[in-house]
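Okay, so here's the structure we're looking at.
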Amino acid sequence: MKIYNTLNKQKETFEPITPGEVKMYVCGVTPYDYAHIGNARPAIVFDTLYRFLKAQGNKVTYVRNFTDVDDKIIQRAGDQNYQNWQDLPQKFIEVYHQDMKALNVLGSADDENIHEPRVTEHIDDIIAMVKTLLDKGIAYIGQSGDVLYDTTKFESYGKLSGNTLEDLQAGQRVAVSDDKRHATDFVLWKSTKVGEPMSWSFEYEDKDGNKVNAGRPGWHIECSAMAHNKFGNSFDIHGGGEDLKFPHHECEIAQSKGSCGGDHARYWMHNAFINVDGEKMSKSLGNFKTIHSLLEKYSGEAIRLWMLSTHYRKPVDMTEEALDRAEEKLKSWYGTLYRVGQTVDLPRQDGTEISSYMRDSLSDDLNTPLAIAQIEGQMSSLNSDMTNVEGEILSNLMADAQVLGLLQQDPAEYLGIVSDVDAEVQALVEKRKQAKVDKDWALADSLKAEIISKGYELTDKAGGEVELRKVKP
RNA sequence: GGCCGUGUGGCGAAGUGGGAACGCUGGGGACUGCAAAUCCUCCAUGAGUCGGUUCGAUUCCGACCGCGGCCUCCA
8 MKIYNTLNKQ
18 KETFEPITPG
28 EVKMYVCGVT
38 PYDYAHIGNA
48 RPAIVFDTLY
58 RFLKAQGNKV
68 TYVRNFTDVD
78 DKIIQRAGDQ
88 NYQNWQDLPQ
98 KFIEVYHQDM
108 KALNVLGSAD
118 DENIHEPRVT
128 EHIDDIIAMV
138 KTLLDKGIAY
148 IGQSGDVLYD
158 TTKFESYGKL
168 SGNTLEDLQA
178 GQRVAVSDDK
188 RHATDFVLWK
198 STKVGEPMSW
208 SFEYEDKDGN
218 KVNAGRPGWH
228 IECSAMAHNK
238 FGNSFDIHGG
248 GEDLKFPHHE
258 CEIAQSKGSC
268 GGDHARYWMH
278 NAFINVDGEK
288 MSKSLGNFKT
298 IHSLLEKYSG
308 EAIRLWMLST
318 HYRKPVDMTE
328 EALDRAEEKL
338 KSWYGTLYRV
348 GQTVDLPRQD
358 GTEISSYMRD
368 SLSDDLNTPL
378 AIAQIEGQMS
388 SLNSDMTNVE
398 GEILSNLMAD
408 AQVLGLLQQD
418 PAEYLGIVSD
428 VDAEVQALVE
438 KRKQAKVDKD
448 WALADSLKAE
458 IISKGYELTD
468 KAGGEVELRK
478 VKP
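Heads up: the first sequence is residues 8 to 480, going by this note's numbering.
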């Protein structure tokens, strides 16, 4: 497989450290509010990567964290008068899990090889890592008792984001605090401010007698510590949104390599952003879309299909039209599967070989749009020859769709097809059937209108039979 | 200002140094009482603009124009 590696700005052949085993880490969310649609992109993209790597026969360990220690959590928990601030992240982690389920994104509850660690579970690891950096003289204690990272001690700082230390310092837009020796230095450990509920003790004194205050982790350190905890000094893939390249991932590399040596992550993957109606999503523009609200109007599967229809490194614009189109496409695909299912059982077992075309598409830096084009082709083949459904096409199709996380529902259920209607509607159906035999089209049409008014969609089939679908409210 | 990316038909979106996938919309046709679904078929002599390399460039290189992102604890 080839992966575009942000570290070297080119597609590279992916070779895991241990053949047949892949370790991947993806930056998760800060659960202080409903997750927005932008958060869904890395979730869906890397879920697809996870499924594909597994389908290729690898043993994959996938870590996706929750940053449940953060300024925004403190702020929000305070604003909303939470008794225990922990209840806020707990609530939104639950919401996130519901959202992910709807998007068919696998989580730790579905798969023992997926881990969803929380920062609060790894404070010890974080403190240990910060102490190592202090011991090595890479980090220093500021006047306020914060611990800061000395970026001049890490020569390749800036490599991932294509910057040099000089450029970064020259272009600084952040006010340099008194504590910082260099403008590019960043906080590893933040001492507790008065009234803040989130605090852990940190016993450390340097050779000059400076002490570290009780406090909480800085922004970047948690990913370094959790990745190290799960994988050790080196692992294969690190993913996240492109905005995290700098400073978050840059700092993460500095911390991990500074404290532990090793490669840290060998392949860095970054997904591009989602725009809403052509504009960047932002709270000030009022076009902020949460997954939760979108799910009121669209199926999670349609959102997933829409998202995978664009390559993950390209920006994608979210419009109602685009989502409607995805929903229509899904309806058409499930319609085909439903018709096929009248003849044969749909193959559902795991481990079925995916098509070579699918493998080639996804092997090329996870080219999901091309993969979806393949699904289209397979659907067309089935539709044009419903008598030939027992061959490889169908088993490939189902396996291919599974890798993309699509078409896993029961077609009849998705389409709302009803097998036994209530007597009243059944009577209307029978009356209409007779009217059709009598060629009384006016009566047939009025009966049809009556059936539709009761919340059904009616389709005539061969031999005078009808198919009824319960229209979703 | 520094760094990164991007510009393909009415719309969305891929691949490719030599016939521009796929989907949506639209035109035509088949099927159907009508409808829906499905199938067949047509629709970019041209890829932001201008140059260069080459037998040949949408694809490589350069310049310019347009758009976007990061440099603000935003995925």
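Glycine included, every Cβ here is placed at the ideal spot set by N, Cα and C. Values in this document were obtained by computation on a predicted structure and should not be read as measured data.
Beta-carbon gap between Thr359 and Ser402 smaller than 9 Å | In contact: Thr359 and Ser402 (Cβ atoms closer than 9 Å).
Status (buried if at least 16 other CB within 10 Å, exposed otherwise) for Thr1 = No answer is possible for residue 1: it lies beyond the span of the chain, which begins at 8 and ends at 480.
Roughly how many angstroms lie between the CA atoms of Gln63 and Phe161, to the nearest whole one?
-> CA-to-CA, the gap between Gln63 and Phe161 works out to about 37 Å.
Who are Lys477's beta bridge partners in DSSP?
-> According to DSSP, residue pairing for Lys477 in a beta bridge involves Tyr463.
The beta strand (DSSP E) enclosing Tyr147, as first and last residue numbers | Ala146 to Ile148 is the extent of the beta strand (DSSP E) around Tyr147.
CB-CB length for Ile51 against Met314, believed under 8 Å | Correct: roughly 5 Å between the Cβ atoms.
At which residue ranges does the segment 252 to 318 contain complete alpha helix (DSSP H) runs of 4 or more residues, listed in the order of the chain?
-> Segments of the alpha helix (DSSP H) lying fully in the segment 252 to 318: 257 to 267, 298 to 301 and 307 to 315.
Please determine if the segment 372 to 382 and the segment 39 to 58 are in contact, where contact requires at least 3 C-beta pairs separated by less than 8 Å.
-> Between the segment 372 to 382 and the segment 39 to 58, the count of Cβ pairs shorter than 8 Å is three or higher; the stretches touch.
Report the option in Met8, Asp447 and Pro26 whose CA atom is closest to the CA atom of Thr20.
-> For Thr20, the nearest C-alpha among the options comes from Met8.
Under the DSSP definition of a beta bridge, which residues are partnered with Trp340?
-> According to DSSP, Trp340 bridges with nothing at all.
Can you check the segment 190 to 262 for any alpha helix (DSSP H) of at least 4 residues that lies completely inside it and give the ranges in chain order?
-> If only complete runs of 4 or more residues are kept, the segment 190 to 262 shows the alpha helix (DSSP H) at 228 to 238, in order along the chain.
Can you tell me where the beta strand (DSSP E) with Asp324 in it begins and where it stops?
-> Where Asp324 is concerned, the enclosing beta strand (DSSP E) stretches over Val323 to Met325.
Have a look at the DSSP bridge pairing and note the partners of Tyr156.
-> Under the DSSP definition of a beta bridge, Tyr156 partners with Ala146 and Phe193.
In the structure shown, what three-state DSSP assignment does Arg125 receive?
-> Look at Arg125 here: in three-state DSSP terms it is strand.
Please list, in chain order, all residues of the same chain as Ile81 whose beta carbon is under 8 Å from its beta carbon, the five residues on each side excluded.
-> Closer than 8 Å at the Cβ level, and outside the excluded window around Ile81, lie Trp92, Glu203, Pro204 and Met205.
Mind the definition here: the segment 259 to 279 touches the segment 230 to 244 only if three or more C-beta pairs lie below 8 Å; say whether that holds.
-> The way I'd put it, the segment 259 to 279 does touch the segment 230 to 244; three or more beta-carbon pairs between them come closer than 8 Å.
Could you pull out every residue in the same chain whose Cβ sits closer than 7 Å to the Cβ of Lys336, ignoring the five residues on either side in sequence?
-> Closer than 7 Å at Cβ, skipping near neighbours: Leu312.
Whole-Å CB distance - Asn278 paired with Arg48, under 8 Å assumed | About 5 Å separates the two Cβ atoms, so the contact holds.
Straight-line CA distance for Thr297 to Val36?
-> Val36 has its alpha-carbon roughly 13 Å from the corresponding atom of Thr297.
Is it true that the CB of Thr74 sits closer than 9 Å to the CB of Val29?
-> No, the pair does not count as a contact, with Cβ atoms beyond the cut-off.
Roughly how many angstroms lie between the CA atoms of Leu369 and Tyr32, to the nearest whole one?
-> For Leu369 and Tyr32, the distance between alpha carbons rounds to 19 Å.
Residue from Glu308, Asp118, Asn120 and Ser151 with nearest C-alpha to Trp418 = It is Pro, not Trp, that sits at residue 418 in the sequence shown. Closest by C-alpha distance to Pro418, out of Glu308, Asp118, Asn120 and Ser151, is Glu308.
What whole-angstrom Cβ distance do Tyr41 and Val102 have, given they're in contact under 8 Å?
-> The Cβ separation is near 6 Å, so the contact holds.
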